Every structure is written in structure tokens, then in C-alpha cells.
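*Asks:*
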């Protein structure tokens, strides 16, 4: 189906929902990358005089506009956008708490759109503890996953059972919460859920309107591959090379590069590591092979991420017992 036809069908679905719901307190647009969330957000924003809140953990950073798929200047001119391009790319300590506190400072109808799930959750539910990022947490993350997991199992076995030993950042955060409050992270979450609808505590906004854009995965895979090709045509490799020279080359030389924090973890940057760090003595053929390897890795990572996003929507929104009774008025699925 052509993009114009998709948007026309989506607009009709949106109009139908909004006629029933009138003007909600909050609009959230969920969906895998490449499903047209940004375009739909702009249409809703113009129709309801709202302002768009980008819930993308990579788009808060300056730089890498192409690889993080930021909306263009022309699109921003159609409707006010917030939470884009304001954090220095070398900052490693920007957290979801920082995002939540800044994103909520709005006077007009917020239209939340993006693919970072925990950013979206922070605006929907009162679930967060203001732990921030401390030196202690960063020190913990330097330890091995098995050691971290063992420590968490000793103080919070329930939380440890829910986290994989390789998920060092989440394990370190749970340990930090226990260290700061003296209460296991799992108990905090249980108490928060008891005060709300079972998803993550009380809703921050009453009666939010949530759209889930869902596409046939085979069609979406083709669309995502095409989008990577469009990024390349728009100058992706030049953008990556410039960013690497300014921010990452010295880290590589010092063997201190970190693809687990900040914008450096962005899908697409680390996939081109070998290409960007190829020795000057490399032949053109070798460089071309590394470039093609990076392109293929980017396409695979993007499609894997799309599936992960859909899995989150299903698990967090569509399978919760407490939500099933009122799901039809809470989450509106637009499928194509």
C-alpha cells in the first residue's frame, strides 16, 4: 500500500477515535521503527493544536541526524517538537529521569511519539525512582555480569530472576536503588503497581489516547531496507565519518570507546566500527567490503529492533490482565 494511502487510512481511523474521545489529556503513538509514527504525530498535532514530544533516547543528543532518523526542519516547522538535539554527545549521564522532568514541562496537549519504550513509560505512569546516574552505578557497570547478577540475587532475588546476567545496566540500577533506599527494587515496583492499573503504577494523565501503528512484518522489512538505502543516499557515511573523527577516534586510539552509553550506542554507529577504524593502508576493496558489512549489519539490527518494539507493545499493553477490560478505549491499533 502506498504511503499516501496508508496515511489516508490512518487519518480516518484517527478521526474516528478522536471523535469518540474528544480531546484527550495525552496522545501516545507507539509502533515499530518505520511505521510512520512521526508523520501521524504531525497530523494529530496540527489538528488538535498539540506539541510533539520525541521519546527517543538517541534523538536527544546533538549529531547523527540521519542515523537516528530525526524529523526534518520542514517537518518541525509544521508542528512544535521538543526533546530533540539538546544534549552534548559526550554526555554519558543523561537519564530517563532527566528526560521525564524536562518533557513534562508543557502547556499544550502532549503528543508523545518515539521508539524508546522506557521513555514512553516514564510519561504514562508514575513508575520512576529519582536515582539518576551516580559514580557508584558506573563503577558497578564495570564489573562482570555474573558478579553483578550474584550481588543482586543476594539482596533482591526476585528482581535478579527477571534480569539476564548480561543486562548489566539494569542490574546496576537495581543495585543502586537498593543501596540508596534500603528497599529492594522489586518491592518498589510492587508497591507502585498496587496504586494503579497493574502496568506500572497510577497513570500520570487521565484517559490517555494511545495509537499502535502495526505493519505486516514482511512489508515492514522491505520498507526498513529501503530506508537504510535512503539514509545512504542522504549522506549517512559522511555523517558517521565526521562524527567518528570528532568524537570517537581518540577514544578508539586510547582503547576507551564505549558503545553501551549515550549516543554511541545508537543503532548504526557501532555497526560501522570496522569501516570507520580501518587502517589507512587498507585497499579500496577492503574498505568497500567493510562498508557493505556495516550496511548489512545495520539492516539486520534495524529489523531486529522493530521486532523488539512490537514485542514490548504486546507484553506491556496487550497482555496485562488489568488492561484487557478497557483495552479498546485505551490502545487503538492502526494496522496496514
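In the numbering used here, the protein residues as written are 11 to 346. Even glycine gets a Cβ: it sits at the ideal position worked out from N, Cα and C. Just so it is clear, the structure is predicted and the values come from calculations on it, not from any experiment.
Given residue 177, which residues of its chain have a CB within under 8 Å of its CB, disregarding the five upstream and five downstream residues?
*Replies:* So the qualifying residues of the chain are 155.
*Asks:* Indicate, with yes or no, if the ligand ATP has a heavy atom lying under 7 Å from the CB of residue 151.
*Replies:* The ligand ATP is absent from the structure shown, which contains no ligands of any kind.
*Asks:* CB-CB under 7 Å to residue 237, same chain, minus the five flanking residues each way: which ones, in chain order?
*Replies:* Around residue 237: 44.
*Asks:* Looking at the unbroken alpha helix (DSSP H) that takes in residue 64, where does it start and where does it end?
*Replies:* Looking at the DSSP string, residue 64 is not in any alpha helix (DSSP H); the run it does join, the beta strand (DSSP E), is 61 to 64.
*Asks:* Which value, in whole angstroms, describes the spacing of the CA atoms of residue 8 and residue 90?
*Replies:* The structure shown does not extend to residue 8, since the chain spans only 11 to 346, so no value can be given for it.
*Asks:* By the DSSP assignment, the alpha helix (DSSP H) with residue 286 in it spans what residues?
*Replies:* Residues 283 to 286.
*Asks:* Given that a residue counts as buried once 16 or more other Cβ atoms are within 10 Å of its Cβ, and exposed if not, what is residue 171?
*Replies:* Exposed, because fewer than 16 other Cβ atoms sit within 10 Å of the Cβ of residue 171.
*Asks:* Out of 122, 113, 95 and 68, which has the shortest C-alpha to C-alpha gap to residue 49?
*Replies:* Checked all of 122, 113, 95 and 68; the closest Cα to residue 49 is 122.
*Asks:* With a threshold of 8 Å, are at least 3 pairs of Cβ atoms found where one atom belongs to the stretch 259 to 278 and the other to the stretch 63 to 76?
*Replies:* Because the criterion of three Cβ pairs below 8 Å is met, the stretch 259 to 278 and the stretch 63 to 76 touch.
*Asks:* In the stretch 255 to 305, which residue ranges form an unbroken alpha helix (DSSP H) of at least 4 residues, counting only runs that do not cross its ends?
*Replies:* Qualifying alpha helix (DSSP H) stretches, in chain order: 259 to 263 and 283 to 286.
*Asks:* Could you work out which residue in 88, 133 and 112 is closest to residue 97 when comparing CA atoms only?
*Replies:* The shortest Cα separation from residue 97 among 88, 133 and 112 belongs to 112.
*Asks:* For residue 320 and residue 65, which I take to be in contact (beta-carbon distance under 8 Å), what is that distance rounded to the nearest angstrom?
*Replies:* Rounded, the Cβ-Cβ distance is 16 Å, inconsistent with contact.
*Asks:* Assign residue 121 to one of three DSSP states: helix, strand, or coil.
*Replies:* DSSP places residue 121 in strand when its eight states are reduced to three.
*Asks:* Measure the C-alpha to C-alpha separation of residue 197 and residue 153 and round it to an integer number of angstroms.
*Replies:* If I take the Cα positions, the gap works out to 25 Å.
*Asks:* By Cβ distance below 6 Å, which residues in the same chain neighbour residue 304 in space, the five residues on each side in sequence not counted?
*Replies:* For residue 304, where only same-chain residues beyond five positions count, the Cβ hits under 6 Å are 281, 282 and 285.
*Asks:* Using the Cα positions of residue 169 and residue 67, report the straight-line distance between them to the nearest angstrom.
*Replies:* Their Cα atoms are separated by approximately 24 Å.
*Asks:* So within the stretch 159 to 238, which uninterrupted alpha helix (DSSP H) runs reach at least 4 residues, ignoring any that extend past its ends?
*Replies:* For the stretch 159 to 238, whole alpha helix (DSSP H) runs of length 4 or above, ordered along the chain, are 167 to 172, 178 to 191 and 195 to 204.
*Asks:* Less than 8 Å between the beta carbons of residue 231 and residue 118, yes or no?
*Replies:* Cβ atoms of residue 231 and residue 118: not closer than 8 Å.
*Asks:* With distances taken Cα to Cα, identify the nearest neighbour of residue 301 among 87, 242, 228 and 199.
*Replies:* Of the candidates 87, 242, 228 and 199, the one whose C-alpha sits nearest the C-alpha of residue 301 is 242.
*Asks:* Which of the three DSSP states is assigned to residue 39 in this structure?
*Replies:* Residue state, collapsed to three classes: strand.
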